[in-house]
Structures are given as C-alpha cells and as structure tokens.
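A quick write-up on the structure given underneath.
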Amino acid sequence: MIEVVLNDRLGKNVRVKGNEDDTIGDLKKLVAAQTGTRAEKIRIQKWYNIYKDHITLKDYEIHHGMGLELYYN
C-alpha cells in the first residue's frame, strides 16, 4: 500500500492511500471522496505530464510518499 500526496496549490494537501495496481481513475475517485469534487473535474499531473485515467500507478512509477499536482477543470 502506498500513500500519495496531492497539492492543489491553493493551500489544500490531500493524502490518498492505494495500491500500486490502482489506476489513476481510481485515485481520482478517492480524491473526489475526500475533497467533495466530482472525479471527472479532477486532473492529476506532474510538471507537464498529465496522467491518463486507465494507466496504473506502477506504470507511471508513482511511489510511496510521492507528491503530485491536483488541478480542477
């Protein structure tokens, strides 16, 4: 089980726990449950790489404690 920290640059940090086999879409659903925002309105990225919903965390090499950027569309 890994924990990922998402920062929306507006003062909100969200910590989400999941498995390496979870997809980015699953991660968005967990974030949506914590923030109250719909999962379709959430975009997760690191620098200029926008993560796609159907690819797993392991494929993107997302580790325990890694920080990602959270944006709202």
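Going by our numbering, the residue at position 69 of the sequence shown is 75; the numbering climbs one at a time, nothing skipped. Glycine residues also receive a C-beta, built at the ideal position from the N, C-alpha and C atoms.
### Query
Would you call the CB atoms of Asp59 and Gly31 closer than 8 Å?
Translated into positions along the sequence shown, residue 59 becomes position 53. Translated into positions along the sequence shown, residue 31 becomes position 25. Going by C-beta atoms, Asp59 is nearer than 8 Å to Gly31.
### Task
Locate the alpha helix (DSSP H) running through Gly31, then write down its first and last residues.
On the sequence shown, position 25 is the one that residue 31 refers to. Run containing Gly31: Ile30 to Thr41, per the alpha helix (DSSP H) assignment.
### Message
Suppose you measure from the CA of Ile8 to the CA of Tyr57; what does that come to, to the nearest Å?
### Response
Mapped onto the sequence shown, residue 8 falls at position 2. Mapped onto the sequence shown, residue 57 falls at position 51. Each residue's Cα considered, the two are about 17 Å apart.
### Query
Out of Gln40, Arg49 and Leu63, which has the shortest C-alpha to C-alpha gap to Asp27?
Numbered from its first residue, the sequence shown carries residue 27 at position 21. Nearest option by C-alpha distance: Leu63.
#### Entry: Residue range of the beta strand (DSSP E) that includes Tyr78
Taking the first residue of the sequence shown as position 1, residue 78 is located at position 72. Run containing Tyr78: Gly73 to Tyr78, per the beta strand (DSSP E) assignment.
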